[in-house]
Amino acid sequence: MDEAEFVTPDVAVAPAPGVTPDGLITADVACGRCAYSLKGLNIAQLCPECGTPARPSVMGGRLEAASPAYVTRLYHGAICVSVATALIIVLGLVQVVTGVISAFGLVPTAVQVGLSILALVASIVGFAGLVLFLIGWWVLTAPDPVRRAAMLKDRARKTTRAGVLLLCSMPIAIAIGVGISVVGLAIGALLAVFLVLGAALATFAGLFVHYYGSLNYLIVLSERLDPGTIAVRATRLMWLGPLLMILGSCPSLLLGGTPGIAQSIGLVLVAAPVVAWVLYWVLIEELRQGLKDVRQAQTNVA
Ligand SMILES: [Zn+2]
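Mapping of the sequence shown onto the working numbering: residues 307 to 608, in sequence order.
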């Protein structure tokens with residue numbers, strides 16, 4: 307492991323209970339890495355058992371006390387997820403607009419050609435966004451090098467990562483599909499069916515595992531940041547996100563009908579998934595800002 311992982315900043319611990327003003331640990335605080343009792347040590351010292359700085363353990367998992375290398379990693383992960391989510395929102399809006407235009411059958415031939423080019427560009431950008439989203443979430447769920455053993459709520463982080471791995475079947479399946487159609491890979495039809503079916507099942511499972519895993523992980527992270535609204539937003543999205551997605555899948559039924567109230571409702575509902583993604587983006591942006599503030603605080607101390 308990189309030595310820099312264990313360098314922690316000299317942040318103030320004035321509010322920490324069980325520590326005298328000159329830094330003596332008087333409470334029975336366990337080392338965050340090996341659970342050795344740090345009582346009687348100074349917070350500036352290292353754990354005699356495993357050599358981990360005592361400060362992060364005393365500060366109870368606050369990210370200000372975590373290794374700056376680790377905080378930086380989380381910050382970069384949050385940037386990737388935020389950018390990827392913004393891309394998905396833009397594509398969603400394009401899809402809504404083109405969907406509405408097509409629904410009314412108001413598309414001249416020249417525009418139709420433009421739309422098919424737009425659809426091609428959208429699918430390439432969408433693929434890049436998906437890959438960036440998965441990479442971002444992998445980086446954002448890096449293990450805390452100092453508090454690894456003490457992270458009692460580490461299950462959410464591991465669940466999120468399992469979801470990322472399951473969702474990797476999506477870009478892999480797309481890449482295989484493109485490979486087959488472009489290069490004409492000699493692949494058995496039966497094998498292709500099994501691959502597509504397997505990828506679809508893994509993606510479906512991954513969507514659930516990753517969505518709920520990541521929201522739980524954000525709630526755990528928000529406990530390590532300033533008490534913002536991250537946990538509130540994440541908890542709300544647990545039911546609101548799926549609801550908006552389900553509403554968004556209804557318009558295809560409504561839009562097909564005769565013009566009238568049903569079709570008007572359909573036009574509004576078409577945007578529901580985009581609203582869900584915007585709410586998700588706001589949540590990730592709040593995390594990114596929180597991590598940025600922590601990095602700033604650590605730089606000011608160092
Ligand atoms: Zn230790």
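Note that beta-carbon positions come from the ideal geometry of N, C-alpha and C, so glycine has one too.
Remember, predicted model here, so these are calculated numbers, not experimental data.
**Study point:** Contained alpha helix (DSSP H) runs [length at least 4] in the segment 391-440, N- to C-terminal order
**Key:** none
Check your understanding: So, are the CB atoms of Val581 and Leu550 less than 8 Å apart?
Key -> Yes, these two residues count as a Cβ contact at 8 Å.
Exercise for review: Would you identify the three-state DSSP class for Val279, choosing helix, strand or coil?
Suggested key: The shown model of the chain, from 307 to 608, leaves out residue 279, and the question about it has no answer.
Point to revise | Cβ distance (whole Å) where Gly469 is taken to contact Ala390 below 8 Å | key: Gly469 to Ala390, Cβ: 15 Å. No contact.
Exercise for review: Using only alpha-carbon positions, find the residue among Leu593, Cys556 and Gln595 that is nearest to Val576.
Suggested key: Cys556
Review point. Can you list every residue whose CB sits closer than 6 Å to some heavy atom of ligand 1, going in chain order?
Key: Cys337, Arg339, Cys340, Tyr342, Cys353, Glu355, Cys356 and Thr358
**Study point:** Gln595 versus Leu531: straight-line alpha-carbon distance, rounded
**Key:** 10 Å
Check your understanding: For Leu330, which beta-bridge partners are listed by DSSP?
Key -> Asn348
**Study point:** For Gly383, the nearest candidate out of Gln351, Val437 and Pro359 (CA to CA)
**Key:** The shortest Cα separation from Gly383 among Gln351, Val437 and Pro359 belongs to Val437.
Check your understanding: Assuming Leu446 and Leu473 make a contact with CB atoms under 8 Å, what is their CB distance in whole Å?
Key -> The beta carbons of Leu446 and Leu473 sit about 14 Å from each other, so the pair does not count as a contact at 8 Å.
Practice item. Alpha carbon to alpha carbon, how far is Cys337 from Leu496? Give it in angstroms, no decimals. Key: 55 Å
**Study point:** Unbroken alpha helix (DSSP H) run spanning Pro543, endpoints
**Key:** Per the sequence shown, residue 543 should be read as Leu rather than Pro. Looking at the DSSP string, the run of the alpha helix (DSSP H) that includes Leu543 is Ile536 to Gly554.
Check your understanding: How would you label Gly359, buried or exposed, when you count the other beta carbons within 10 angstroms and need 16 or more for buried?
Key -> Here residue 359 turns out to be Pro, not Gly, going by the sequence shown. That one is buried.
Check your understanding: Ser373 by DSSP, collapsed to three states: which one?
Key -> coil
Check your understanding: What first and last residue would you give for the alpha helix (DSSP H) that runs through Ala462?
Key -> Arg461 to Leu473
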